[in-house]
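Engineer: Protein chains in written order, with the numbering used here: chain A, 1 to 253; chain B, 1001 to 1373.
1) Once you ignore the five residues that flank residue 1276/B on each side, which residues in its own chain have a CB closer than 6 Å to its CB?
2) What first and last residue would you give for the alpha helix (DSSP H) that runs through residue 186/A?
3) Report the three-state DSSP secondary structure of residue 12/A (helix, strand or coil).
4) Do we get a CB-CB distance below 8 Å when we pair residue 85/A with the residues of chain D?
5) Of all the beta strand (DSSP E) runs that stay within the bounds of the region 126–188 of chain A, which reach a length of 3 or more residues?
6) Is the separation between the beta-carbon of residue 37/A and that of residue 19/A shorter than 8 Å?
7) In chain order, which beta strand (DSSP E) runs of at least 3 residues are fully inside the region 1020–1053 of chain B?
8) Contact between the region 1272–1289 of chain B and the region 1198–1211 of chain B: three or more CB pairs below 8 Å?
9) Residues in the region 1187–1201 of chain B with C-beta within 7 Å of chain A's C-beta atoms, listed in sequence order?
10) Can you pull out the residues from the region 44–58 of chain A whose beta carbon lies closer than 9 Å to at least one beta carbon of chain B?
11) Quick check on the burial criterion: 16 or more other C-beta atoms within 10 angstroms. Buried or exposed for residue 1244/B?
12) Would the region 114–128 of chain A and the region 92–100 of chain A be scored as touching if the rule is three or more Cβ pairs under 8 Å?
13) Determine the closest residue to residue 1280/B out of 1294/B, 1057/B, 1250/B, with distance taken between C-alpha atoms.
14) Within its chain, find whatever has a CB closer than 8 Å to the CB of residue 1083/B; leave out the 5 residues flanking it on each side and keep chain order.
15) With respect to the alpha helix (DSSP H) encompassing residue 1289/B, which residues constitute its N-terminal and C-terminal limits?
16) Any residues in the region 1213–1228 of chain B with a beta carbon nearer than 8 Å to a beta carbon of chain A? Which ones, in chain order?
17) Enumerate, from N- to C-terminal direction, the unbroken beta strand (DSSP E) stretches of 3 or more residues contained entirely within the region 1053–1133 of chain B.
18) Closest to residue 1341/B by C-alpha separation, out of 1259/B, 1300/B, 1331/B, 1369/B, would be which residue?
19) Does the beta carbon of residue 103/A sit closer than 8 Å to a beta carbon anywhere in chain B?
20) Using the rule of at least 16 other Cβ atoms within 10 Å of the residue's Cβ for burial, across every protein chain shown, is residue 199/A buried or exposed?
21) Report the neighbours of residue 1008/B on chain A: residues whose CB is nearer than 8 Å to its CB, in chain order.
22) Leaving aside the five residues before and after residue 1392/B along the sequence, list all residues of the same chain whose C-beta is less than 6 Å from its C-beta, in chain order.
23) Does the distance from the CB of residue 104/A to the CB of residue 1218/B come in under 8 Å?
24) Using only CA atoms, which one of 168/A, 81/A, 144/A, 212/A lies nearest to residue 256/A?
25) Counting along the chain, where does the beta strand (DSSP E) carrying residue 207/A start and finish?
26) If we ignore side chains and look at the alpha-carbon of each, how far apart do residue 1337/B and residue 98/A end up?
27) Look at the alpha carbon of residue 1155/B and the alpha carbon of residue 1184/B, and state the distance between them as a whole number of angstroms.
28) Would you mind listing the alpha helix (DSSP H) stretches within the region 31–59 of chain A that are 4+ residues and don't spill past its ends, in chain order?
29) Near residue 1158/B, which residues of its chain fall below 7 Å by C-beta distance, leaving aside the five closest residues on each side in sequence?
30) Could you tell me the boundaries of the alpha helix (DSSP H) in which residue 1322/B lies?
31) Curious, which full-length alpha helix (DSSP H) runs of at least 4 residues does the region 1141–1196 of chain B contain?
32) For residue 1071/B, I'd like the list of residues in its chain whose CB is within less than 7 Å of its CB, leaving aside the five on either flank, ordered along the chain.
33) Going by alpha carbons, who is nearest to residue 1100/B out of 1135/B, 1129/B, 1119/B?
34) Kindly confirm or deny that the region 2–11 of chain A and the region 61–72 of chain A touch, where touching means at least three C-beta pairs closer than 8 Å.
35) Buried or exposed, going by whether 16 or more other CB atoms sit within 10 Å of the CB of residue 138/A?
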């Protein structure tokens, strides 16, 4: 078994719309795999079928050799899920959130250790409603890792975050990969995909239309004779922003 | 394998621990679970306390200046049963107040009342009791009370032989006060409040925020989630009900005849059954708008027909027969029988059986219709 995740000819239909139409790909251990595509391309539906949240019409998903369709309960021990907009029940302390997620897997966990991993130690005794968007994302990531999953799913993790918080999150995702966890994420940001992902799949109308490393995809485009209209700049506006405001995380981000 | 018994219960108990702590941080939840039923308890408690000692509000219009009429007026003013209004001194004022039911009746002592008629050596006269149609009952009762008072006075003034008499004797045994009866209904109301309104408010909110959906990607099972909610609700419910009992005993002289242990167990059992209705409704509904009308359809018949506020024996027989099978009816009847009649489990088997039957039906439905999102 060389692949951690194997998706074969996956299909899903809602009414008369074929949301996912025969998607196949594989993800290796410790690889960051990005799924890109416009809204309604079928990214989230694909992810949800892999996460046991949606019934699979046809095709198959295996994670670490286990079939998602046949044994969803076993799959739940292998995966960690970061939803698009993480939310937690209010009046709950951060440590309690982590204890509850640990308990959901039947495990007693060291909440402080997991908070330390995402730089939320000082917030340990705060209630979740006092966290900023970025802090909630970080809490959500650490709750998805309490049971030591083999595959980590993130659905548009950096949407709505400021540039500092985004960069911080990228570092966290890199750290997750260093633990040998395979990461599967969707995103709308091309820079994010380019920097973070080892390989990406571009989806449109429920199908994968390209799949490769970011570098190869760019090479192939240039090979097809593509030329950028504008002269390539040595720095982007974001570089200016980061240079002026610094990389340090802000209070409440 | 990870599905061992101990692990499952560790999961459940961790959820219970954290969610119970959460409850005590939430002032709104505390108010609706503990404070709200207490308000009802105070309202019904005070209402019933007044009606247990009957009294009449009357105006006394004394047109006589005889010594006897003065003495009679003073005795009336000291009476507990007859409350003489200090403000009203003319019949017209009294009539106006009677028309608004602020007064039950007016007692008029005519000018000659208490004068000693020529040829007699004792005072005499006729007092009038004036009342409106709406106060017929009070008027009649008041007349007979005065009648018996005059009889005593007559006996002193003109001794005579009374061949037949009647004597009433009060037994010392406990009997049901109106409040003892109402209290079980109030407990039923409180159980509905926490068992149904709790989950139907919380679950759709958790779904809207995607919190339940996130939990569904973990191995957490629906039964674990339900059981943890049940245990948590039972803890909070017993606490809220204990506060109600304390208030009822200290302030409103509630008499609990039966066993506290049996009462406690039966109440926990009942809370869990009623909570199942909340879990089914809240677990099924995708959002608040979906759950509200259905919750009303389910809750209102129980609220009015199960004997929460109106005793069922006042209903027509066919309605009694139907309402006997509502889930809340055996709960209230069972609690009432234990509190007021000292019934044991063996005596309330029909109630326990009905609660158990509903428990099975409700939880089968709740598990079937539950949705994580």
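Every residue gets a Cβ at the ideal spot worked out from N, C-alpha and C, and that includes glycine.
Structural biologist: Reading off the structure:
1) 1362, 1363, 1366
2) The continuous stretches of alpha helix (DSSP H) do not include residue 186/A, which lies in the beta strand (DSSP E) extending over residues 182–187.
3) If DSSP states are grouped into helix, strand and coil, residue 12/A belongs with the strands.
4) The structure shown contains no chain D; its protein chains are A and B.
5) If you keep only unbroken beta strand (DSSP E) runs of at least 3 residues inside the region 126–188 of chain A, you get 151–155, 182–187.
6) no
7) none
8) yes
9) Hits within the stretch: zero.
10) 51, 52, 53
11) buried
12) Yes: at least three Cβ pairs fall under 8 Å.
13) Per the Cα distances, 1294/B.
14) 1055, 1056, 1057, 1058
15) 1288–1305
16) Listed by position along the chain: 1213, 1214, 1215, 1216, 1217, 1218, 1219, 1220.
17) Secondary structure within the region 1053–1133 of chain B: the beta strand (DSSP E) runs of 3 or more consecutive residues, fully enclosed, are 1056–1062, 1082–1084, 1105–1109, 1128–1130 (chain order).
18) 1259/B
19) yes
20) buried
21) 106
22) What the structure shows of chain B is the stretch from 1001 to 1373, and residue 1392/B is not part of that stretch, so it cannot be assessed.
23) yes
24) Within the shown structure, residues of chain A are numbered from 1 to 253, placing residue 256/A beyond reach of any answer.
25) If you look at residue 207/A, you'll find it in the beta strand (DSSP E) that goes 207–212.
26) Going from the Cα of residue 1337/B to the Cα of residue 98/A covers about 46 Å.
27) Looking at the two C-alpha atoms, the distance is approximately 47 Å.
28) 43–50
29) Only 1122 meet the Cβ criterion.
30) 1317–1323
31) 1178–1192
32) none
33) 1135/B
34) yes
35) buried
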